[in-house]
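Trainee: Input: one structure, supplied below.
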């Protein structure tokens with residue numbers, strides 16, 4: 007039987023009157039790449055925040071690598087890497103300085119200089135983070151999530167802002183890390199990225215899971231031609247499929 | 018923890034140097050005050066037939082200006098600024114503890130306060146012939162204790178404030194009364210009785226009394242009280258700072 011890296015049962019998260027996540031179940035096998043998909047505001051980032059113990063939740067059970075994110079935080083963070091949707095850094099910090107700081111927090115971190123090389127950021131090591139392009143900053147935030155050689159990594163919109171070449175570089179690197187045993191939990195709005203990377207996906211809308219399975223299962227279940235159409239079908243945007251909205255307007 | 022603290026300290030020190038406005042305040046304000054007092058006081062005695070000069074009486078108080086600027090402005094404003102800009106959020110999902118983040122700021126600001134103090138004493142000694150009458154070791158220990166107590170207040174302000182704006186307000190509320198009423202700028206001895214009572218409530222006043230007592234070699238009965246008040250302030254401030262530490266402000 008395969009090992010479970012992440013298990014979420016009946017997660018409910020509320021913000022005052024809004025139920026951001028409603029009775030969500032997730033199960034991620036160790037060594038797999040799992041994609042959580044959904045429109046903006048669907049509850050993807052909130053789910054990640056709850057799973058990592060960053061935000062309290064109303065109901066549910068969460069286990070990450072056999073640990074509780076609320077009770078075993080320190081142990082968990084030694085083994086789990088995180089890249090948030092938006093990363094912020096001190097104004098005048100340089101790339102190598104933030105790498106040194108993050109690296110110093112872990113017991114047996116990876117060589118961050120090697121990671122800079124793999125991410126094609128080596129030449130930027132002594133540059134201010136603020137002077138990097140959007141894509142370079144995004145690559146840096148993914149790199150920082152990998153610095154402690156995690157067993158599992160959470161990547162929230164991992165390639166937003168990257169050009170097509172850089173996106174493919176990141177995919178190749180993540181695939182390689184995954185082949186070496188890294189479990190990856192990601193969110194993305196790019197369906198080509200999901201097709202290229204994910205073994206399994208879960209589509210959520212208004213905090214509720216509406217479809218889950220392999221990308222091929224999702225396509226088959228929807229009766230559509232590809233994942234993008236299947237995704238639109240499941241988030242109840244059927245009119246968007248085949249550009250029908252544009253057609254209607256015209 | 019030690020390894021990560023040293024790296025965080027080194028980086029924060031460089032960041033503060035690049036920022037420079039805070040450093041400027043923490044280092045050069047006490048130097049400016051020292052120069053002014055040195056010129057004004059010359060070698061005047063503190064009072065008729067006093068065993069020490071006005072300058073010898075004032076050096077200890079001037080040193081605390083740097084402690085206050087770094088501890089009540091540098092520490093809380095940096096931490097609350099990081100929180101407001103969501104820089105600390107990253108550390109919430111890491112093994113970094115609140116204590117590590119607070120101590121890194123302590124060490125960074127302490128370095129600047131010590132640089133300022135060395136410069137102030139240097140100017141006093143070489144510019145105006147200052148000599149410490151009391152025991153320098155006791156003086157340094159008292160200086161360290163006062164520094165920890167003031168920094169603990171700064172860290173507490175950073176933790177309890179619910180926004181950067183409130184942190185700014187609290188800093189002003191703590192900094193300026195302490196700055197003007199504790200004897201750091203206006204000598205305690207010149208204050209009217211009513212104002213002295215108010216000044217005595219402030220930990221900085223106790224610290225300045227202790228520094229004066231150790232630098233002038235006049236150990237007084239209330240010196241021990243000052244030590245206990247500063248230890249109590251340091252412990253309570255740190256407990257509140259760590260317990261109420263937030264990585265991000267609630268939106």
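Residue numbers (my numbering), protein chains in the order written: chain L, 7 to 256; chain H, 18 to 268. Even for Gly, the Cβ is constructed at its ideal location relative to N, Cα and C.
Any idea what DSSP makes of residue 193 of chain L, helix, strand or coil?
Mentor: Three-state DSSP puts residue 193 of chain L in a strand.
Trainee: Determine, for residue 255 of chain L, whether the minimum Cβ-Cβ distance to residues of chain H falls below 8 Å.
Mentor: For residue 255 of chain L, the predicted structure reports a pLDDT of 36, less than 50, and the residue's modelled location is therefore unreliable. A value from the coordinates is still provided. So, not an interface residue.
Trainee: Tell me the rounded alpha-carbon separation between residue 45 of chain H and residue 203 of chain H.
Mentor: Going by the C-alpha atoms only, they are around 18 Å apart.
Trainee: So, for residue 177 of chain H: in the same chain, excluding its five sequence neighbours on each side, which residues have a beta-carbon less than 6 Å away from its beta-carbon?
Mentor: If we look at residue 177 of chain H and ignore the five residues flanking it on each side, its Cβ neighbours are 261.
Trainee: Consult DSSP for residue 29 of chain L and reduce its assignment to one of helix, strand or coil.
Mentor: Strand, per DSSP.
Trainee: Assuming residue 53 of chain L is part of the alpha helix (DSSP H), what are its boundary residues?
Mentor: Counting along the chain, the alpha helix (DSSP H) containing residue 53 of chain L begins and ends at 50-57.
Trainee: Answer yes or no: does any C-beta atom of chain H fall closer than 8 Å to that of residue 177 of chain L?
Mentor: False, the Cβ-Cβ gap to chain H never drops below 8 Å.
Trainee: May I ask you to report which of helix, strand or coil DSSP gives residue 253 of chain L?
Mentor: In this predicted model, residue 253 of chain L has a pLDDT of only 38, less than 50, meaning its place in the structure is not dependable; the value taken from the coordinates is given anyway. Looking at residue 253 of chain L - three-state DSSP - the assignment turns out to be helix.
Trainee: In this structure, how does DSSP classify residue 109 of chain H when only helix, strand and coil are distinguished?
Mentor: Reduced to three states, the DSSP call for residue 109 of chain H is helix.
Trainee: Using beta-carbon positions only, say whether residue 207 of chain L and residue 224 of chain L come within less than 8 Å of one another.
Mentor: Taking 8 Å as the Cβ cut-off, residue 207 of chain L and residue 224 of chain L qualify as a contacting pair.
Trainee: Check whether the stretch 151-171 of chain H and the stretch 80-90 of chain H touch, using three or more Cβ-Cβ pairs below 8 Å as the test.
Mentor: Result yes; three or more Cβ-Cβ pairs closer than 8 Å.
Trainee: Which chain H residues sit within Cβ distance under 9 Å of residue 203 of chain L?
Mentor: The contacting residues do not exist; residue 203 of chain L stays about 22 Å from chain H at best.
Trainee: Can you name, in chain order, every residue of its own chain whose Cβ lies under 7 Å from the Cβ of residue 113 of chain L, other than the five neighbours on each side?
Mentor: Cβ within range, chain order: 84.
Trainee: Give the DSSP bridge partners of residue 60 of chain L, in chain order.
Mentor: DSSP lists no partner for residue 60 of chain L.
Trainee: Go through the stretch 73-144 of chain L residue by residue and report every complete run of the beta strand (DSSP E) that reaches 3 residues or more, in order.
Mentor: As far as the stretch 73-144 of chain L is concerned, its whole beta strand (DSSP E) runs of at least 3 residues are 86-89.
Trainee: Would you verify that the beta carbon of residue 148 of chain L is, or is not, closer than 8 Å to some beta carbon of chain H?
Mentor: False, the Cβ-Cβ gap to chain H never drops below 8 Å.
Trainee: In the DSSP assignment, find the beta strand (DSSP E) that holds residue 208 of chain L and state where it starts and stops.
Mentor: 206-211 is the span of the beta strand (DSSP E), which, as asked, contains residue 208 of chain L.
Trainee: Run through the DSSP bridge pairs and tell me what residue 217 of chain L is partnered with.
Mentor: Bridge partners of residue 217 of chain L: L:209.
Trainee: With 16 as the cutoff for other CB atoms within 10 Å, does residue 118 of chain L come out buried or exposed?
Mentor: That one is buried.
Trainee: Determine, using beta carbons only, whether residue 56 of chain H comes closer than 8 Å to chain L.
Mentor: Not one chain L Cβ lies under 8 Å of residue 56 of chain H.
Trainee: Can residue 264 of chain L and residue 158 of chain L be called in contact, C-beta distance under 8 Å?
Mentor: Residue 264 of chain L falls outside the range modelled here, since chain L spans only 7 to 256, and no answer is possible.
Trainee: Kindly list, in the order they appear in chain C, the residues whose Cβ is closer than 8 Å to that of residue 262 of chain H.
Mentor: This model lacks chain C altogether, as its protein chains are L and H.
Trainee: Quick one: is residue 83 of chain L near chain H, going by C-beta distance under 8 Å?
Mentor: It does: the Cβ of residue 83 of chain L has a partner Cβ on chain H nearer than 8 Å.
Trainee: Looking only at its own chain, which residues have a Cβ that is under 7 Å from the Cβ of residue 144 of chain H, when we skip the five neighbours before and after it?
Mentor: Answer for residue 144 of chain H: 55, listed in chain order.
Trainee: Does residue 222 of chain H come out as helix, strand or coil in the three-state DSSP assignment?
Mentor: Looking at residue 222 of chain H - three-state DSSP - the assignment turns out to be helix.
Trainee: Would you report the Cα separation of residue 243 of chain H and residue 220 of chain H, rounded to the nearest angstrom?
Mentor: Each residue's alpha carbon lies about 8 Å from the other.
Trainee: Please report the straight-line C-alpha distance between residue 96 of chain L and residue 159 of chain H, rounded to a whole angstrom.
Mentor: Approximately 34 Å between the Cα atoms of the pair.
Trainee: Tell me the rounded alpha-carbon separation between residue 134 of chain L and residue 231 of chain H.
Mentor: Spanning the two alpha carbons is a distance of roughly 46 Å.
Trainee: Pull up the DSSP beta-bridge partners for residue 14 of chain L, would you.
Mentor: Paired residues: L:32, L:68.
Trainee: Around the Cβ of residue 194 of chain L, are there at least 16 other Cβ atoms within 10 angstroms (buried) or fewer (exposed)?
Mentor: When all chains shown are included, residue 194 of chain L counts as buried.
Trainee: Of all Cβ atoms in chain L, is any one closer than 8 Å to the Cβ of residue 179 of chain H?
Mentor: Answer no: the Cβ-Cβ gap between residue 179 of chain H and chain L never drops below 8 Å.
Trainee: Are the stretch 195-204 of chain L and the stretch 16-31 of chain L in contact at 8 Å, needing three or more beta carbon pairs?
Mentor: Output reads no: the stretch 16-31 of chain L does not touch the stretch 195-204 of chain L.
Trainee: How far does the alpha helix (DSSP H) with residue 64 of chain H in it reach, from first residue to last?
Mentor: Where residue 64 of chain H is concerned, there is no enclosing alpha helix (DSSP H), given that its DSSP letter is neither H nor E.
Trainee: Within the 8 Å Cβ cut-off, does residue 99 of chain H reach chain L?
Mentor: Yes, residue 99 of chain H lies at the interface with chain L (some Cβ there is under 8 Å from its Cβ).
Trainee: If you draw a straight line from the C-alpha of residue 43 of chain L to the C-alpha of residue 116 of chain H, how long is it?
Mentor: C-alpha separation (whole angstroms): 37 Å.
Trainee: If we ignore side chains and look at the alpha-carbon of each, how far apart do residue 163 of chain H and residue 239 of chain H end up?
Mentor: Those two C-alpha atoms are separated by around 15 Å.
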